[in-house]
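Oh and the sequence shown: position 75 is 75 in full-length UniProt numbering, straight run, nothing missing.
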Amino acid sequence: MANLDALAFEGATKRNKPNMKVGALVYARVSLAHKDMEPELECFNAQTHKSAGFGELKEGFMVRCSLKMCRLLHDPSHFLLPLLGSKFPMEVAAGMNGRVWVNAKEPRQIISMTRCIEAVDPDGGGLDELGTKKFLGALDY
């Protein structure tokens, strides 16, 4: 668990606060972490004070995967996201905590993305690019 203040969003004031429910999924960065306190989160870039993709993640699905897989998804030379992006439009937010949020137009596309991430995960299936293309070809998206 972590603390997310209502003012930790771009443009938030005491009068203008985001309206989120408890348990909402957010893409945030850790602004303060100390061993004796709960971590604090913020949903804006500390240098620019702009949201830059941070904030509530609506719809979609959250997948748990290994930290190794999260690092691979952040690597621009990794094959998975460009391969999935060539098949259908999608959104992905990969955290560094073993959680990846995926969203697409159709639920079956979200399921396909989830299954591919789980299959490519080095701690799971560990498929390479060729194996992933075959696996994706067998899925109904």
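Glycine included, every Cβ here is placed at the ideal spot set by N, Cα and C.
- Burial is judged here by how many other beta carbons sit within 10 angstroms of a residue's own beta carbon; V100 has at least 16 and is buried.
- The beta-carbon distance between Q109 and M96, rounded to whole angstroms, is 25 Å. This is too long to meet the 8 Å contact definition.
- In the three-state DSSP reduction, E129 falls in the helix class (H, G or I).
- Sequence-distant partners of V63 (beyond 5 residues in either direction) whose C-beta falls short of 6 Å from its own C-beta, in its chain, are V100, T114 and I117.
- Within the model, the alpha-carbon separation for L127 versus L136 is close to 11 Å.
- For the 8 Å CB-CB criterion, V102 and F61 form a contact.
- Between P39 and S112, the alpha-carbon positions lie close to 33 Å from each other.
- By DSSP's assignment, R99 forms a beta bridge with R64.
- For A93, no alpha helix (DSSP H) segment is defined; the enclosing uninterrupted segment is the beta strand (DSSP E) at M90 to A94.
- Inclusion of A94 and H78 in the CB contact set at 8 Å is not warranted, their separation being larger than that value.
- The shortest C-alpha to C-alpha distance from H49 to any of G98, P122, M37 and A12 is the one to A12.
- Leaving aside the five residues that flank D140 on each side, the residues in its chain whose CB is nearer than 7 Å to its CB run, in chain order, R108.
- By the neighbour-count definition (other C-beta atoms within 10 Å, threshold 16), L32 is an exposed residue.
- In terms of Cβ geometry, M1 and E56 do not form a close pair [threshold 8 Å].
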